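In this note's numbering, the protein residues as written are 1016 to 1421.
Here a beta-carbon is modelled for each residue, glycine too, at the ideal position from N, C-alpha and C.
What you are looking at is a predicted structure, and each value in this text was computed from that prediction instead of being measured.
Quick notes on the structure that follows.
Have a look at this one:
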């Protein structure tokens, strides 16, 4: 793609579309849980374990993928991730048991998400925009993941109804392939240039971050985010079906989470540019805990589900531009994909436990109540973790970047 086309606006739009596809397709997997487990005679724990492996592998590989993107550029990384995404969905379409589910939904999609997810895309976009506009830009791109959930939830439900879960996975593979041409807009190798702050080498950057108390608190807080959102994304459809509500209610709830999170993520990005990001994050976690508590105590109906989904959706991915923006603010953007990738690993450890324990607890007790309660307690703990973070840039010379053509 010509350099003249590689503008901040193009990077924001195409980066948002990449996240829309990557996050949107993945967020439909909860809709597949009931038909897949019924047709293949699987326990919910088995399906949950594959999704847990996906999230854990995504997080474990993310720092390495972030290092590759920081050195060679995001374009190549996203292209490779899109290929793995397509392969994983094709494998899932033909699976006959646990092995196909683990390989396709666990391993291949996990690797794909590391290469097409937030750390790589947000790192590329952050290097294209000036610091004063960065928080809002990251909010806009992160909202792309929400739009994907809004768009793909009803599409996924319709595809399952019309084509069966096997055909629906194949149709999703075709959509995942669209990430390849979009990757051109975020292509470019970062290079040390210009003025700004941040470590001059990756080794120094890692040393600074891992010895910084606030960085460790951010990682722990993001663990809670992963625990909450992935448990809801995967298990909410089954939870609602257990209550006797139709499958369309779950699809509508997931779509509402997506559409309200477009506004919520943008709002959080904007607020992060006006107020200390740590306090916006703390408030977000408190509100999440309150929303879950009210939903758990309220009588269940389609309307209460929709109210819950709308409220939780407004708080869904607002943590992403705030957390990544805070990492970039403190440590600079030269190695943002790597540093945020490590923080994101904490998120994915939480995701692993949230989705897997959801299946384990349900199979053992026939209820999800214990995980709902754990989500409330963890949300309040996450709010407290952000209070002591020192939100100021490290005064280290060099490290702001320019982007060169690949």
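Looking at residue 1136 and residue 1033, is the spacing between their C-beta atoms short of 9 Å? yes
So within the stretch 1139-1204, which uninterrupted alpha helix (DSSP H) runs reach at least 4 residues, ignoring any that extend past its ends? 1146-1191 and 1194-1197
Contact under 9 Å by Cβ, residue 1405 with residue 1171: no
Give a yes or no on whether the C-beta atoms belonging to residue 1046 and residue 1203 are separated by under 9 Å. no
May I have a chain-ordered list of the alpha helix (DSSP H) segments no shorter than 4 residues that lie completely inside the stretch 1265-1332? 1292-1312 and 1317-1329
Spatial neighbours of residue 1295 in its chain, beta-carbon cut-off 7 Å, leaving aside the 5 residues before and after: 1283, 1286, 1287 and 1337
Run through DSSP, which three-state label would residue 1211 get? Model confidence at residue 1211 stands at a pLDDT of 46, short of 50, so the residue's coordinates are unreliable and nothing is read from them.
When 1157, 1120 and 1180 are compared against residue 1029, the one with the closest alpha-carbon: 1157
Ordered along the chain, which non-local residues of its own chain (more than five positions away) have a Cβ less than 7 Å from that of residue 1149? 1141, 1340 and 1343
Rounded separation between residue 1124 and residue 1089 - CA only: 18 Å
Which value, in whole angstroms, describes the spacing of the CA atoms of residue 1226 and residue 1396? 22 Å
Quick check on this structure: which residue in 1026, 1307 and 1232 has the alpha carbon closest to the alpha carbon of residue 1399? 1232
Anyone know if the C-beta pair for residue 1023 and residue 1218 falls short of 9 Å? no
Would you give the residue range spanned by the alpha helix (DSSP H) that residue 1128 belongs to? 1124-1131
Suppose the cutoff is 7 Å on Cβ atoms and the five residues either side in sequence are ignored; what does the same chain contact list for residue 1078 look like? 1353, 1356, 1357 and 1360
Grab me the residues of residue 1111's own chain with a C-beta within less than 8 Å of its C-beta, minus the 5 sequence neighbours each way, in chain order. 1055
Among 1254, 1274 and 1329, which has the Cα closest to the Cα of residue 1423? The shown model of the chain, from 1016 to 1421, leaves out residue 1423, and the question about it has no answer.
Determine the closest residue to residue 1180 out of 1067, 1107 and 1369, with distance taken between C-alpha atoms. 1107
C-alpha distance - residue 1118 paired with residue 1332, whole-angstrom precision: 27 Å
DSSP three-state assignment for residue 1350, whether helix, strand or coil: coil
Terminal residues of the continuous alpha helix (DSSP H) containing residue 1041? 1023-1042
Nonlocal neighbours in the same chain, by C-beta distance under 6 Å from residue 1234, ignoring five residues either side: 1358 and 1361
Cα separation between residue 1061 and residue 1113? 7 Å
For a minimum of 4 consecutive residues, which ranges assigned as the alpha helix (DSSP H) are wholly contained in the stretch 1044-1129? 1044-1054, 1059-1087 and 1089-1108
Where the alpha helix (DSSP H) containing residue 1409 begins and where it ends: Segment: none, residue 1409 is in no alpha helix (DSSP H) and carries neither H nor E.
For the alpha helix (DSSP H) containing residue 1232, name the first residue and the last one. 1228-1257
Expressed to the nearest angstrom, what Euclidean distance is found between the alpha-carbon atoms of residue 1026 and residue 1037? 16 Å
State the Cα-Cα distance for the pair residue 1375 and residue 1116, rounded to the nearest angstrom. 17 Å
For residue 1199, the nearest candidate out of 1121, 1168 and 1092 (CA to CA): 1092
Burial state of residue 1085 (16 or more Cβ within 10 Å): buried
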